[in-house]
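In this text, residue positions in the sequence shown follow numbering that gives the first Met the number 0: the first is 0, and each later residue adds one.
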Amino acid sequence: MEQTECGEGFNLCKAIDDLIADGVRQGNEEGEKRLSSLISLLIKMQRIDLVEQVACNRELRRKLYEKYNL
């Protein structure tokens with residue numbers, strides 16, 4: 000779909016795809032930061048036993064995010 004405005008070519012579908020890709024990229028970065036924060040906190044609390052569990056258990060991870068306001 001091509002749409003021209005003020006003489007410049009503008010592809011609306013590409014713009015939407017780019018916005019979606021940026022959102023996905025940002026979400027991935029935030030998720031990585033959140034998990035990293037949780038793992039760092041667990042290490043500081045000397046709860047090494049939970050590190051492997053949160054890596055594998057989505058529900059436990061969600062509960063700990065909530066508990067520690069991450």
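Note that beta-carbon positions come from the ideal geometry of N, C-alpha and C, so glycine has one too.
Bear in mind that the values here come from a model prediction, so they are computed numbers and not experimental data.
- Item | Close beta carbons around Leu69, own chain, < 8 Å, minus the five adjacent residues each side | Arg33, Ser36, Leu37, Leu40 and Leu63
- Message: Please report the distance separating the alpha-carbon of Ala54 from that of Glu31.
- Response: 11 Å
- Run through DSSP, which three-state label would Asn56 get? coil
- Message: If you follow the alpha helix (DSSP H) that Arg24 is in, where does it begin and where does it stop?
- Response: Leu11 to Lys43
- Message: Can you give me the C-alpha to C-alpha distance between Ile42 and Lys66, rounded to a whole angstrom?
- Response: 16 Å
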